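Residue numbers (the numbering used here), protein chains in the order written: chain A, 1 to 235; chain B, 1001 to 1235; chain C, 2001 to 2235; chain D, 3001 to 3235; chain E, 4001 to 4235; chain F, 5001 to 5235.
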């Protein structure tokens, strides 16, 4: 039995509210249950050094969490420095959102996706990827409306979900109560039926290939549901 | 004529939405026009070293801004370090919110007010003070309901407003368009008819005592309006 | 009764010794009683990026304190990093000294004012502004003697004074003994009869507009006395 | 055809030389072809705060690379700070080596595994895990010989291997030439037939579940070969 | 011929003004020609961890330079971090001043010597050692007058001098003009006829044992002259 | 009697193994008894700003130590920052290796010598200099073979040795057991019969000119022996 009473394959309620920031070229507030993330996309007409004069664009991401997004207040990262964990998360988000982007079609410009968690209840990096794609898509639509980009550089939605073994049972979309108990869990980033990233980890434990297959089944079904919400948000 | 069409003494629309964070002991989202700040109050049963074993509490504040809160994306502070400007702002917020707090009544515990700007259009530090007081008051109410604090350590609302000379004319509650033009402007923190902090500054310019008096008149009237909205939010 | 026996409006003895550094384009050692600050002005034929190719100059300031300038030894800032308080002070000094400077007349060059407190007894930022103006003026005189600047870019002296409520009474030029007791105090930066900056602050307290007026009266009289000493030093 | 001429499932020559450091409680130099990593295990009779007075031990890892371990010299990390990538790698090593450790049997002491790459040719984090387990095992043997640990807290060897799609074909134990071309690759950490960690990533690409299965087949076979070399080294 | 016209063995005019800081337990302003260093000694009734409960004291030193102490303004160290060169200098000063101190006689307390260069013309680290000893001696005298230290923990003065080959000729007490030309130079720290530290260095050059002997002859004579000035200052 | 049983003038066994790194232009592993240092030379076709367009080259060095090179594990420098001691050592290595280099013959390119201590038993900086010269020489030979450098920019080997007073007796090539006891010790860097650097230091002690002469006699003899090993390694 899951703490929330959800069935093993049930995601939390998904809500994606777009246009939440008047300055950003694309933005949304994604809510996966009590996990809330503000995602903004910033378009800049410059690219990092390794892309200069290539005619190609770039997508990068940054991630943060407000100090009281969590149950106990965390130290503000600006007061120390970005932790390695934060950097690992934002590299994952960036890699995931770059998958399937046609950088030639985008043109020599950079889109920066900022994902800031204002309330956390597990699965923040996955919500950031799912919402980040929506913000990016909205920014691309704006570029296309302005005639700056002619063919859509984005493909199917990029969606991410955490799944894991809770009380020995495979469950989808772990919330914090489950995540802090699960010895085995993973993040699955998908684009339609294809995989972009799989990160399975067992802290102080191990898992079998069969269990991994069960989690991937859950991830596939959940990602399809997320993709529908994403497409609806940008329609 | 103000860019927004407001009369010289007109504040922007004020909205204070409470209970926006399920973890924090007190929270609100304050909107002064297009300036939006999330304020959370965290209660911890410990105090800084200089207050230990004093029987007295403490109030402190931190301030941050999401990278795309502004028109051009700013560098994420966690990637470098808190700027001096940020530290100056958060010291101002902390001093302002400590004014009039009865630390003996609060007891030996600390309230940390986090003010995070999610969208900026001028006057963010003032909105942070005004909203921060609301979050602090809600946290105190929770402590009192729980019987942990017996008499209310807070007094009248602490409210803050920026006023300045725009096109030579004294105006209240500067927005970004005005603030970036104003050679003379100031922040006024008030508690009822009393002053807590006055910061008048003239970049590359000067001002007279008469002009200062006019700005204080505007600040007094505006602070009273803010105090009414604060009291309504915590009622 | 003030600890020093001074009358409420009496400043401490003022001494401004010029030419204390053989390398700097302008320099002085200002003494306000036991507060001693070395001020040097450095002229460089380059400006910050935002002024490049503008034909205009710039003035900036930095502030430091020797570890044993104070009664208890402080940690050397070079061993950690400039504190937010230090940065706040040096931004105040820079803003104050820029007031009324004709940057076109100065030409595309930068003057950096370094203010280093070698002994502290309250009011160091004010002494730094008052002495910093003298160092800047001497550097400008040198530029004019060399024919590099043709018309004087500086106007009246910029003078600064701290005033506050000590034992309920408004007093001028607070020393450390008074400053550490005063719940309400402020820094007033003036240029003749005009104001450049007012920073009134009440730690754990409040003040009225009437009290503020009394402090400004003291500040006006004191600033005039400082201006006379400054003009004498650069004559 | 692989650049090295290896068959798809062929690992590079494996060499594990133990006892390379006279100070460390356990040490080895592992060579996977031209990738060479010095691994040392340090035993300290103290544990991190979250394990104090628990009666349980802890295992942690750190990772570094000499500046000229790579083809182009890299900036020395001590001159800036550990990059996020380095931190991500050392967290992976730590998690992997903790899997299956009986912390009660280890007792309240910490083993720190330092993995320093002295020459790199791809797969350094995997070599670090494989060699790190050997160093840890040797340190544990020393503790047991000294009668400080009574029953062996370690289980089967922890072995790690990178596999990926090179020119569309699944191959095992990628070297640098392959790794820099492979759009899809992953790290597999195993303990016998069980999985500890799977990190599959597609930079600018995607992969199918079928491809993932093929890579896991290669990983399983390779890990078994590594485990034999590890057991031989500690025999 | 030396730029200053001095004979090879002539030191610059020495001046040691004591009691320049009202807060410090001992202080002086030492002038070696145009090199001016403020030295303060701070006594604290605590010692570093490695001396705790040993009944013994400790002496340590810190060194800094005001940004415009030099001909071109240097970056303020507090804005970046103490350079390695600064740390090397202050470790030298500390080692030198600890020589011959009887830490048992001093008792379990620490003396911190701060040496801040307010104007530089070569030889600042040597002036800091020479002046630092005076500040330390004055602080010790104060401790003895107060009955806190019963027998003098200090011996003969510690004096330091830089000597080098200028235009092929051995000269004493290099000033900046000489120092920037000298390919071979050294710092000699002496205590009476005994040596504490010798640092001879040849940038892009070499030297012979005979030349080294000549420089040591100069250093011996110069140190004796410095010691007389030090004893006179503390008399 | 020395702890190792060596005679006062006996060096530890010297071993210099070249070609230990397949990427570096020159490399060796130098062993002075139990002190082991990997030295690599990196040639880059660029020079620091102060050498640009001068037609001249540059040599610089960096130094590091693996955390468990020592008896007790040290904190990894990449986790904090390079200590002042480390910076002091690497400046010494760089100065030493630059002595006698003909930068015009080298041409406008930089050689960076990385010296990483993998096992320490005293005298690491001296071993780094001795081995660093070998790595540099090998890199220069490679440049000459390729016709990029026409006449050899290097002269005689640069060799370094620590000598000190152990139990009152002058001894050569101190190991850790001796070094931690010796109150007086020094590092001598030589090039044939010439001196490049002498650093004699007495922690809490003093020494005479006669003792210094005895140590220099030992250093001269030892350096000659090191030079023979260096020439053999690069033959």
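C-beta atoms are modelled at their ideal positions from N, C-alpha and C, and glycine is treated no differently. Keep in mind that this is a model prediction, so the values were computed, not measured.
May I ask you to list the residues that DSSP assigns as paired with residue i?
i               : result
residue 195(A)  : 190(A), 3207(D)
residue 4164(E) : 4171(E), 4185(E)
residue 4031(E) : 4015(E), 4036(E)
residue 1058(B) : 1110(B)
residue 159(A)  : 190(A)
Listing by chain order, which chain D residues have their CB less than 9 Å from the CB of residue i?
i             : result
residue 97(A) : Here the premise fails: no neighbours, minimum Cβ distance about 11 Å.
In angstroms, rounded to a whole number, what distance separates the CA positions of residue i and residue j?
i               : j               : result
residue 38(A)   : residue 99(A)   : 21 Å
residue 4215(E) : residue 5212(F) : 14 Å
residue 4127(E) : residue 4164(E) : 16 Å
residue 1118(B) : residue 1065(B) : 6 Å
residue 1106(B) : residue 1096(B) : 17 Å
residue 2167(C) : residue 2183(C) : 9 Å
residue 3040(D) : residue 3024(D) : 6 Å
residue 3079(D) : residue 3114(D) : 19 Å
residue 5088(F) : residue 4207(E) : 21 Å
residue 3012(D) : residue 3059(D) : 28 Å
residue 4140(E) : residue 4149(E) : 8 Å
Name the chain D residues that come within less than 8 Å of residue i, Cβ to Cβ?
i               : result
residue 5215(F) : None at all; the shortest Cβ gap to chain D is about 28 Å.
residue 5038(F) : 3066, 3118
residue 194(A)  : 3206, 3207, 3208
Interface residues of chain E around residue i at Cβ under 9 Å?
i               : result
residue 5075(F) : Those do not exist, as residue 5075(F) stays about 15 Å from chain E at its closest Cβ, beyond 9 Å.
In chain A, what lies closer than 8 Å to residue i by C-beta?
i               : result
residue 1179(B) : Those do not exist, as residue 1179(B) stays about 16 Å from chain A at its closest Cβ, beyond 8 Å.
Strictly below 9 Å CB to CB, what residues from chain C border residue i?
i               : result
residue 1203(B) : 2095, 2098, 2099
Quick one: which chain B residues come within Cβ less than 7 Å of residue i?
i              : result
residue 173(A) : Simply none; closest approach about 18 Å.
residue 42(A)  : 1068, 1073
residue 22(A)  : 1034, 1119
Going by C-alpha to C-alpha distance, which of the options sits closest to residue i?
i               : options                            : result
residue 2120(C) : 4223(E), 4022(E), 4130(E), 4088(E) : 4022(E)
residue 2179(C) : 2203(C), 2072(C), 2045(C), 2030(C) : 2203(C)
residue 2125(C) : 2186(C), 2108(C), 2156(C)          : 2186(C)
residue 2189(C) : 1196(B), 1209(B), 1031(B), 1171(B) : 1209(B)
residue 101(A)  : 73(A), 67(A), 29(A), 137(A)        : 137(A)
residue 3171(D) : 3196(D), 3154(D), 3144(D), 3218(D) : 3218(D)
residue 1048(B) : 1221(B), 1110(B), 1074(B)          : 1110(B)
residue 4070(E) : 4123(E), 4193(E), 4004(E)          : 4123(E)
Using a C-beta to C-beta distance shorter than 9 Å, which residues of chain F count as neighbours of residue i?
i               : result
residue 3081(D) : 5078, 5079, 5080, 5081
residue 3112(D) : 5067, 5068, 5073
So is residue i buried or exposed if we call it buried at 16+ other beta carbons inside 10 Å?
i               : result
residue 4104(E) : exposed
residue 5230(F) : buried
residue 5161(F) : buried
residue 1(A)    : exposed
residue 1146(B) : exposed
residue 2094(C) : buried
residue 2007(C) : exposed
Mind listing the chain F neighbours of residue i? Cutoff is C-beta to C-beta under 7 Å, in chain order.
i               : result
residue 4104(E) : What residue 4104(E) touches in chain F: nothing, since even the nearest Cβ is about 12 Å away.
Which residues in chain A have a C-beta closer than 9 Å to the C-beta of residue i? List them in chain order.
i               : result
residue 2984(D) : Summary: the structure shown does not reach residue 2984(D), with chain D confined to residues 3001 through 3235, and so no result is reported for it.
residue 3087(D) : 83, 84, 85, 87, 88
What does residue i reach in chain B if we use C-beta pairs closer than 8 Å?
i               : result
residue 2212(C) : 1195, 1198
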